[in-house]
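The structure appears below as structure tokens.
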Amino acid sequence: MNCTECEKIKNKQNLIYEDDSVIALLSNKPAGKGHVILYPKEHSPIIEKIPDETFGHMFDTANKISVMCFKAVGAEGTNILINNGITAGQKTGHASINIIPRKENDGLNMQWQTITSQDEDLTTTQLMLKEALAPKEEEIKQEVKPEEEVIIPEEENYQLKQLQRVP
Amino acid sequence: MQYMPEQEVTEEDLKDMSPEQLAELQKQNCLFCHLASGKVPSKIVYEDNICFAILDINPASKGHMLLMPKEHYVMFPQTPEDVIKHLAKTAKMLSRTAIAALSAEGTNIFIANGPVAGQKAPHLIIHIIPRFPDDGITCFELPETDIKDEEITGTQKILAHGLGTVLEKVEEKPKGPEEITLKELEKALR
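Quick mapping for you: the protein sequence lines, in order, are chains A and B.
Going by the working numbering, the first sequence opens with residue 31, and the numbers climb by one from there.
Going by the working numbering, the second sequence opens with residue 46, and the numbers climb by one from there.
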């Protein structure tokens with residue numbers, strides 16, 4: 031596997047934290063001071079391929095790292111950002127979570143422009159998503175014990191191939 | 046959206062309130078808590094007993110969803126671990142569904158902690174933004190700045206030290222990353 035990020039993980043380049051399933055490295059081309067990138071140790075090209083348990087642990091670890099940024103690098107805020115897919119700005123073939131400390135006038139702007147959206151269009155989109163999500167909602171509601179793992183089956187007509195892979 | 050608070054509260058009242066009462070007041074006046082309970086209508090697409098997802102009525106793109114815990118947490122750091130893990134799995138599922146149902150080519154998952162980071166609401170929101178070719182969204186293209194090796198090592202040391210202060214479990218001053226073992230780091234983070 032020719033993954034540059036797997037190499038960095040193997041070499042523990044600029045290591046901040048690691049455990050059995052995840053590893054956090056300081057970015058060597060940071061968006062700002064203290065920009066940390068959190069990876070699953072096991073190679074996954076996109077987040078959908080990361081097992082639920084690992085992904086949940088990643089979110090939790092990202093939170094702990096972001097709290098640390100508040101105190102350690104004097105951040106006034108933090109952003110947690112996942113760029114999932116090339117079209118979304120994913121730059122490497124290894125899924126990751128960015129933790130970016132923020133300060134006033136740091137030159138970063140992650141604010142998007144809003145698009146005009148007619149109410150009918152919103153309602154159409156709402157119905158499409160609601161319909162696609164209804165089976166999952168039902169599954170979770172039928173769970174008797176909340177502490178049990180919810181296993182969500184892969185959709186048969188999953189159009190993952192639309193996500194371009196990094197060559 | 047303009048939202049009027051349920052009761053008139055004067056500054057005098059606020060001064061006399063305990064932190065718990067203030068928190069309760071904030072919760073009562075939180076638009077997103079009212080969206081959660083259905084008191085204020087929304088374009089809801091998903092809900093379970095812990096969280097819910099609605100369409101953003103001022104979206105960045107088609108299918109832009111706001112995923113939120115039903116319980117009132119102002120930001121990620123205040124959210125309990127089990128809720129965070131549930132939100133993670135739900136966000137992944139919403140992302141996958143947006144791609145499949147709307148023929149998106151990718152998604153951005155974005156959280157802003159603090160106004161400086163772009164937080165606009167007093168309630169934790171995880172944005173799931175479907176992406177399409179030529180959608181004109183450029184704000185998630187992170188700049189790449191050059192950084193000297195010494196600066197990286199310096200920041201590494203600060204962050205490793207910071208791990209100790211966050212957890213307040215360190216009895217002695219933590220060492221730099223060259224000296225600290227991975228086991229110690231792991232222990233500190235737990």
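Virtual Cβ for every residue (Gly too), placed ideally from N, Cα, C.
- The C-beta of A/G123 comes no closer than 8 angstroms to any C-beta of chain B.
- Rounded to the nearest whole angstrom, the C-alpha separation of B/F121 and A/T122 is 26 angstroms.
- Closest in C-alpha terms to A/D136, from the list B/T55, B/K134, B/A162, comes B/A162.
- Interface residue (Cβ-Cβ distance to chain A less than 8 angstroms): B/I102 is classified as such.
- Chain-ordered, the chain B residues with CB closer than 8 angstroms to the CB of A/V103 read T200, I203, L204, G207.
- A distance below 7 angstroms between beta-carbons, with the five flanking residues on each side excluded, links B/E150 to the following residues of its chain, in chain order: R176, F177, P178.
- Contacts between A/Q172 and chain B, judged by CB atoms closer than 8 angstroms, are missing: the closest CB pair is about 11 angstroms apart.
- If you draw a straight line from the Cα of A/I95 to the Cα of A/L56, it comes to about 11 angstroms.
- Shown here, B/C78 sits in a helix according to DSSP, grouped into three states.
- Boundaries of the alpha helix (DSSP H) around B/A133: 126-147.
- In this structure B/L204 is in contact with A/I46, their Cβ atoms being roughly 5 angstroms apart against a cut-off of 8 angstroms.
- For A/V97, the enclosing alpha helix (DSSP H) has its first and last residue at 82-102.
- The C-alpha of B/S140 lies about 27 angstroms from the C-alpha of A/M98.
- Distance from the CA of B/T190 to the CA of B/I170, rounded to the nearest whole angstrom, comes to 28 angstroms.
- Excluding sequence positions up to five before and after B/A157, its CB lies within less than 6 angstroms of the CB of G163, Q164, all in the same chain and listed in chain order.
- Neighbours of B/K107 across chain A, judged by C-beta separation under 7 angstroms: T155.
- Straight-line measurement puts the Cα of B/K60 at about 55 angstroms from the Cα of A/C36.
- Listed along chain B, the residues sitting closer than 7 angstroms to A/T144 by beta-carbon distance are N103, P104, A105.
- Rounded to whole angstroms, the separation of the alpha carbons of A/A61 and B/E195 is 17 angstroms.
- Here A/L68 is near A/T91, since their CB atoms are less than 8 angstroms apart.
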